[in-house]
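Listed in order, the protein sequences are those of chains A and B.
Basically this note's numbering = 1-based index in the first sequence + 164.
Basically this note's numbering = 1-based index in the second sequence + 365.
Heads up, the beta-carbon is just placed ideally off N, CA and C, and yes, glycines get one too.
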Amino acid sequence: MNIISVGVNHKTAPIEIRERIALSEVQNKEFVTDLISSGLASEAMVVSTCNRTELYVVPAMSEVNCDYLKEYLIAYKDARKEVRPEHFFNRFYCGTARHLFEVSSAIDSLVLGEGQILGQVKDAYRIAAEVGTAGILLTRLCHTAFSVAKKVKTKTKLMEGAVSVSYAAVELAQKIFSNLSMKKVLLIGAGETGELAAKHIYAKNARNIVITNRTLSKAEALAEELGTNKVLPYETYKEHLHEFDIIITAVSTKEYILTESEMQQSMTRRRLKPVIILDLGLPRNVDPEISKLQNMFLKDIDALKHIIDSNLDRRRAELPKVNAIIDEELVAFGQWINTLKVRPTIVDLQSKFIEIKEKELERYRHKVSEEELKRMEHLTDRILKKILHHPIKMLKAPIDTADNIPSKVNLVRNIFDLEEPNQSLQ
Amino acid sequence: MANIFFENNILFALTQIVPLLYLATTVLYGIHFFRETPLAGTMKQPALILTVVTHVADLGLLTSMEGYRLSYSAYNLMSMVALTLAITYMFIEFTTKSDKTGFFVIAFATVSAMFSSFLSAYSTGTGPVFSGLGIGIHLIASIFGFSAVAIAGLYSGLYLVLFRQIRLNRFGLLFQRLPNLEAIELLIMHAVGFGFFFLSVTIMAGVLEQRVLNETINLLEPKLITLVIIWLLYGISLLIKPLFGWDIKHMAVLLIALFVLITTLLFIMSLMTPSFHGLRF
């Protein structure tokens with residue numbers, strides 16, 4: 165019994181290849197169903213995101229190996245011209261389990277510790293379960309992976325701290341102000357970056373967000389989307405600068421939109437109450453000289469990247485803890501796999517004894533009353549249970565290496581004279 | 366005169382244990398702040414409670430020798446400073462649910478407790494003993510006042526450190542672990558407010574008690590002059606912000622300077638003028 169995983173991800177292939185091989189939800193369902201119905205696999209699942217397309221397969225025949233699965237996927241996507249087998253990675257058995265645990269716990273992600281991936285793995289499992297291609301092995305593998313991810317999230321700090329510029333900007337604002345809901349925020353620029361920053365700060369309870377943009381309709385649209393409905397005309401927003409505690413700029417301009425003299429006036433009008441200006445524009449939107457003003461915190465993208473780098477360093481420092489959790493779960497998963505190998509022997513052993521019991525009881529069926537037969541049956545059941553308890557316990561006992569299993573299984577089979585096991589289950 | 370701490374075994378043991386407990390609590394808060402070790406995080410609050418309870422028992426046993434009345438000595442003064450700091454911090458932690466500044470406050474309390482323990486070795490008596498509500502309020506209010514002053518000074522230091530870290534784009538350990546600037550500012554202003562209140566109570570209770578005792582206090586007595594100066598400076602610092610528009614950064618510098626000045630003066634006076642305002646008891 166083996167689990168194979170093959171796939172392309174951000175470590176093995178460039179984005180053009182990843183895009184070419186990615187599967188939509190419909191394609192995902194069709195692909196895994198094909199694998200099962202064609203008799204190639206007994207279980208199959210595909211995790212497909214913008215950064216990875218990975219197959220997790222329990223092969224149904226020995227011919228189905230990694231190379232076979234790579235070619236099968238390339239052929240399915242009709243991508244022989246662009247995608248080559250070298251773009252793929254291969255994993256087997258425990259390697260597959262470790263890889264899925266690493267993916268789910270976000271240590272294999274492009275941005276270390278990004279939380280989206282767990283949801284994407286859960287989606288992949290949901291799809292496989294819906295089309296019936298997730299069997300006992302993949303179900304157990306996925307549930308263990310979810311458990312690993314949960315432990316990593318609660319027991320480590322892998323997912324703490326901002327790792328995007330807009331989120332780092334909000335994190336910084338929270339280090340200056342206690343309660344963002346009490347602060348007045350001005351967003352200059354309603355483009356993609358500004359929108360993202362506005363959404364992040366709104367998520368942290370900032371409700372007094374005023375938006376200004378050269379095209380007022382764009383500002384109005386974003387304000388409506390956020391539910392704040394507060395906009396200022398671009399021509400007049402500078403008259404209100406002193407009212408704002410947090411100013412976020414994200415416009416495309418070659419000249420500074422905020423100058424030192426403007427902010428000096430604003431600071432005087434607000435009696436030097438602290439202000440944070442988050443300059444998310446590139447080229448910069450705000451005169452760097454402003455940072456010299458008293459109680460002024462001016463942070464541009466470079467400064468925010470310092471926060472991101474610091475957070476990433478702290479996340480990296482958590483990797484030993486994450487790996488320890490993965491190792492622990494991997495051992496438990498390996499032991500569970502080993503118990504699967506002894507399951508046929510346990511079933512055979514129980515069947516053999518039940519067969520003996522039924523044969524012996526049959527000899528007495530017409531010699532004793534119905535009531536006595538029931539009592540005899542009850543008695544023999546209890547004796548059998550007690551006799552089988554120890555051999556079954558011994559077979560199910562955790563085993564560190566799979567090498568020990570055949571000797572244990574053979575011992576029991578020889579002692580109790582059991583027939584040869586079904587090979588497909590071994 | 367014999368040292369009372371060497372005559373009473375339990376008192377001697379408690380006097381040695383208390384600073385050790387402060388030290389252990391500081392270490393736990395420090396490990397949790399710098400390393401975020403979960404075990405230290407779980408143990409630090411019970412350790413703080415145990416320290417405070419043991420310290421109260423120690424002071425209770427000491428005052429029991431004089432009919433549970435307060436006595437004035439350098440040992441007692443430093444010991445009470447440690448205890449009030451620990452109690453004030455415990456109040457802050459329990460009410461704000463923020464334990465990020467514990468290491469700094471408890472470390473200061475530990476220094477006071479250790480200094481007190483050191484002084485106990487040279488103590489030849491319990492010092493002048495006070496009876497009466499007025500003098501009790503005077504003494505306790507002055508100690509709480511000093512603790513509030515100390516906490517304002519400590520938080521001001523933390524404010525300036527965090528302010529500087531943010532300005533210089535140093536987003537390291539202190540940036541990650543300390544509360545935000547506005548929260549620290551609030552703590553500072555509360556501490557200053559409490560400090561001023563307790564110092565006012567100290568002065569009022571002292572004046573009233575002097576009238577009751579019919580004693581004449583020398584108005585040029587150094588402790589009295591110092592107390593009035595401190596009281597005035599703290600009163601002014603409360604008004605500086607609303608009246609003159611001072612920002613918290615400058616306030617923080619002023620409060621640190623005041624804290625250093627007060628600690629130095631108290632230390633010098635405790636050693637140079639061990640009597641209580643020159644009064645007889």
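Check	Outcome
Within 7 Å of any Cβ in chain A, is that where the Cβ of N373/B sits?	no
Applying the criterion that 16 or more other CB atoms from any shown protein chain within 10 Å of the CB defines a buried residue, is Y528/A buried or exposed?	exposed
Check whether the Cβ atoms of V170/A and R182/A lie closer than 7 Å to each other.	no
Can you check whether the C-beta of N441/B is within less than 7 Å of a C-beta belonging to chain A?	no
Using the Cα positions of L623/B and L519/B, report the straight-line distance between them to the nearest angstrom.	11 Å
Enumerate in chain order the residues of its own chain whose CB-to-CB distance from M445/B is below 7 Å, with the five nearest sequence positions on each side excluded.	I508
Should L592/B be flagged as near chain A, meaning a C-beta pair shorter than 7 Å?	no
Of the residues K363/A, M431/A, S202/A and N449/A, which one's Cα is nearest the Cα of E407/A?	M431/A
Could you check where the alpha helix (DSSP H) with I168/A kicks off and where it finishes?	No alpha helix (DSSP H) holds I168/A; the beta strand (DSSP E) holding it covers I168 to N173.
Exposed or buried, L554/A, counting other C-beta atoms within 10 Å across all chains shown (16 or more means buried)?	According to the sequence displayed, residue 554/A carries His and not Leu. Counting Cβ neighbours within 10 Å, H554/A comes out exposed, since fewer than 16 surround it.
In chain B, which residues lie less than 8 Å from I412/A when you measure between Cβ atoms?	Chain B residues near I412/A: none, gap ~17 Å exceeds 8 Å.
At what residue ranges does the segment 281–341 of chain A contain a whole run of the alpha helix (DSSP H), taking only runs of 4 or more?	300–319 and 329–340
List the endpoints of the continuous alpha helix (DSSP H) containing V506/A.	L483 to Y528
Between the segment 325–343 of chain A and chain B, which residues of the former have a C-beta closer than 7 Å to a C-beta of the latter?	Q338, K339, I340, F341 and S342
Which residues in chain A sit within 9 Å of K588/B, going by Cβ to Cβ distance?	Near K588/B there are no residues of chain A at all, since even the closest Cβ is about 37 Å away, more than 9 Å.
Just to check my reading of the structure: T217/A and L187/A have Cβ atoms closer than 8 Å, yes? What is that Cβ distance to the nearest angstrom?	6 Å
Quick test of your reading: I414/B and T453/B, contact by CB under 8 Å. State the CB separation rounded to the nearest angstrom.	Not confirmed; about 14 Å, so no contact.
Using a Cβ cut-off of 7 Å (strictly closer), state whether L631/B contacts chain A.	no
Should D464/B be flagged as near chain A, meaning a C-beta pair shorter than 7 Å?	no
Using 7 Å as the limit for Cβ to Cβ distance, is L436/A near chain B?	yes
What does the alpha-carbon distance come out to for the pair V514/B and V312/A?	49 Å
Might you give, ordered along the chain, the residues of its own chain that have their beta carbon closer than 6 Å to the beta carbon of I421/A, omitting 5 neighbours on each side?	N449
Name the chain B residues that come within less than 7 Å of A488/A, Cβ to Cβ?	Ordered by position in chain B, no residue passes the 7 Å Cβ test against A488/A, which lies about 14 Å from the chain.
Looking at L386/B: is its Cβ nearer than 7 Å to the Cβ of L426/B?	no
Tell me which residues of the segment 465–476 of chain A have at least one Cβ-Cβ distance to chain B shorter than 7 Å, keeping chain order.	A467, H470, I471 and S474
By Cβ distance below 8 Å, which residues in the same chain neighbour N578/A in space, the five residues on each side in sequence not counted?	none
Flag this pair as yes or no: are the beta carbons of S269/A and V316/A separated by less than 7 Å?	yes
Counting only beta-carbon atoms, is G501/B nearer than 7 Å to chain A?	no
Return the CA-CA distance between H542/A and T503/A, expressed in angstroms with no decimal places.	29 Å
Could you tell me which of E403/A, E194/A and M460/A sits nearest to D409/A, measuring between CA atoms?	M460/A
Considering Cα atoms alone, identify which of F469/B, D423/B, T380/B and Q541/B is closest to T390/B.	F469/B
G537/B versus chain A: which residues are under 9 Å apart at the beta carbon?	S474
Can you tell which of F253/A, P223/A, H307/A and H174/A has its C-alpha closest to the C-alpha of I167/A?	P223/A
If you drop the 5 nearest sequence neighbours on each side, which residues of the same chain put their C-beta closer than 7 Å to that of R371/A?	S345 and T392
Pull the bridge partners of I412/A from the DSSP assignment, please.	L351/A and L442/A
Would you identify the three-state DSSP class for P397/A, choosing helix, strand or coil?	strand
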